[in-house]
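Below is one structure, written out as structure tokens; the observations come after it.
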Amino acid sequence: MANPDDAASFKLQDCAFNALDEYFKAHEDEVVEIEILPPGIHQASDILMQEGLNVGIPRQILILGYVKAKRIFLETFNTVHHSELALEASKIMLLMDPEHLTAANFRKRWLLRLKKETQEKAQKELAKAITREIIFLNSILTSPLHRQSKSPTLWHHRAWLLDFSFPVRLTDSSQDQFLPFVRAELDAVFKAGEQHSKNYYAWQYARRLVTTVDHLFQTEPHKPWKDSYHAFLVTCALLVKAWCLKHTSDISGWSFLLFLLPRLKSIARRRRIVKQVLGFAIDLRSEQESLWVFLRTALGDTVLEDEREKLVQQLRDYQNEKVPVVSDNDVGSTAESHVTQAVKWVDMYMKPLPELRSPQPPNAEHTRSSSNISTT
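1 is the number of the first residue of the sequence shown in the UniProt record's numbering; add one for each residue after it.
This is the structure in structure tokens:
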């Protein structure tokens, strides 16, 4: 790499920064897929490799652009008149260094400043800025960028943006777009989970998303979206189940499905989801421990209520019919071992179902009290 003090190096930094800045500006209303290219793939004739909404950024170009972006950011982020330059520079900084907390916090302050404006035009600008911030985060978090897609700083920034944007969306006249927005956020989690397996930060964001919407459902005045909320939760659970069956080793996805199950009003629906997963595991003789951890946890919990015993019995029947009895010195297949361990775990840790109290006659308590008094 050239000496940073060399004039030629500054020129390269300018070219790299300008190319990245122009690309982000041209696609600020579109989610793009970004890939960082190793040196051998870069075509010298182009600074960036572009095809539709896909862009390949040579690592050396990103480094040069980052150096220039950081210099611009440090010179302008504390000045009111040039803060837009800092805003643009922070995009390149977070692409290169997703844990740059100062850059992420500056973007928060930018939105907070817009929120303080009371004019109608400023409020429209705020809504547009929130949408563009979500698009920017989607472009980084859902692209094939191994480190960026699991960045705790960026996912925390997105969680902050969620809390910040919900009041704006709830006061929006287009209430029918609220649940589609929540669905789009969940889709972003799916994509991030594909880019980085066991993406704890992405799935934790999904928990926060559902918890926040649950709270709004319980506390906000009646809104049109509430009429379809429970059906929406079922759709989400089915989507998560389908995702997990394609990524059976991802314990973070399975944990989120366990998180969703108690929120489904229909016990029969909960049972069908667990039954489908159990059938999948049995049919394929799955050796994925994460899948069996989901099954044993769901079957050991009370989330299925009276529907639980049927599935536990199905698991026992499968163990008795298909899993051979082996001595302590023999080693069965991994799938057989997981089945046996799941049954043992359920037997050991199964939570008792709450007893249903039979209704008392209206004066039952008074009758017992009178009886006790008369016998003393």
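Glycine included, C-beta positions come from ideal geometry on N, C-alpha and C.
Remember, predicted model here, so these are calculated numbers, not experimental data.
Over the uninterrupted beta strand (DSSP E) stretch that includes residue i, give me the two end residues.
i          : result
residue 49 : 49 to 51
residue 55 : 54 to 58
Let me make sure I understand the geometry here. Which of the options has the alpha-carbon closest to that of residue i?
i           : options            : result
residue 297 : 256, 160, 264      : 256
residue 110 : 34, 95, 132        : 132
residue 167 : 122, 115, 150, 208 : 115
residue 380 : 70, 354, 20, 318   : The question about residue 380 has no answer here: the residues shown for the chain are numbered 1 through 376.
residue 243 : 346, 36, 277       : 277
residue 96  : 35, 159, 125       : 35
residue 164 : 12, 126, 38        : 126
residue 22  : 158, 159, 92, 10   : 92
residue 78  : 107, 68, 13, 246   : 107
residue 395 : 240, 221, 305, 176 : The structure shown has nothing for residue 395, since the chain only spans 1 to 376.
residue 157 : 99, 143, 144, 283  : 99
residue 178 : 104, 232, 71, 346  : 232
residue 343 : 299, 306, 68       : 299
residue 378 : 200, 222, 16, 30   : An answer regarding residue 378 cannot be provided, because it is not within the stretch 1 to 376 covered by the chain.
residue 53  : 67, 38, 33, 61     : 33
residue 38  : 61, 51, 14         : 61
From residue i to residue j, what does the alpha carbon distance come to, in whole angstroms?
i           : j           : result
residue 292 : residue 279 : 12 Å
residue 226 : residue 217 : 7 Å
residue 250 : residue 228 : 30 Å
residue 147 : residue 195 : 9 Å
residue 311 : residue 149 : 37 Å
residue 153 : residue 101 : 7 Å
residue 230 : residue 214 : 10 Å
residue 289 : residue 337 : 10 Å
residue 169 : residue 191 : 23 Å
residue 162 : residue 208 : 9 Å
residue 40  : residue 224 : 54 Å
residue 301 : residue 266 : 16 Å
residue 210 : residue 160 : 14 Å
residue 83  : residue 128 : 17 Å
residue 335 : residue 315 : 13 Å
residue 59  : residue 19  : 14 Å
residue 321 : residue 282 : 12 Å
residue 6   : residue 12  : 10 Å
residue 90  : residue 24  : 11 Å
residue 262 : residue 202 : 21 Å
residue 28  : residue 57  : 17 Å
residue 26  : residue 104 : 21 Å
residue 304 : residue 193 : 27 Å
residue 121 : residue 73  : 27 Å
residue 248 : residue 254 : 8 Å
residue 139 : residue 259 : 27 Å
residue 85  : residue 76  : 7 Å
What are the boundary residues of the alpha helix (DSSP H) that includes residue i?
i           : result
residue 36  : Careful: residue 36 lies outside any alpha helix (DSSP H), inside the beta strand (DSSP E) at 33 to 37.
residue 150 : Taken as a continuous stretch (DSSP letters only), residue 150 belongs to no alpha helix (DSSP H), as it is neither H nor E.
residue 78  : Note, residue 78: premise wrong, no alpha helix (DSSP H); not H, not E.
residue 97  : It is not in any alpha helix (DSSP H) - residue 97 carries neither H nor E in the DSSP assignment.
residue 385 : A query on residue 385 cannot be resolved here, the shown segment of the chain reaching from 1 to 376 and no further.
residue 253 : 251 to 260
residue 341 : 334 to 349
residue 225 : Where residue 225 is concerned, there is no enclosing alpha helix (DSSP H), given that its DSSP letter is neither H nor E.
residue 277 : 267 to 284
Please check if any C-beta of chain C sits within less than 8 Å of the C-beta of residue i.
i           : result
residue 140 : In summary, chain C is missing from the structure at hand, where a single protein chain is found.
At a cut of 8 Å, does the stretch 236 to 243 reach the stretch 179 to 190 through at least three beta carbon pairs? yes
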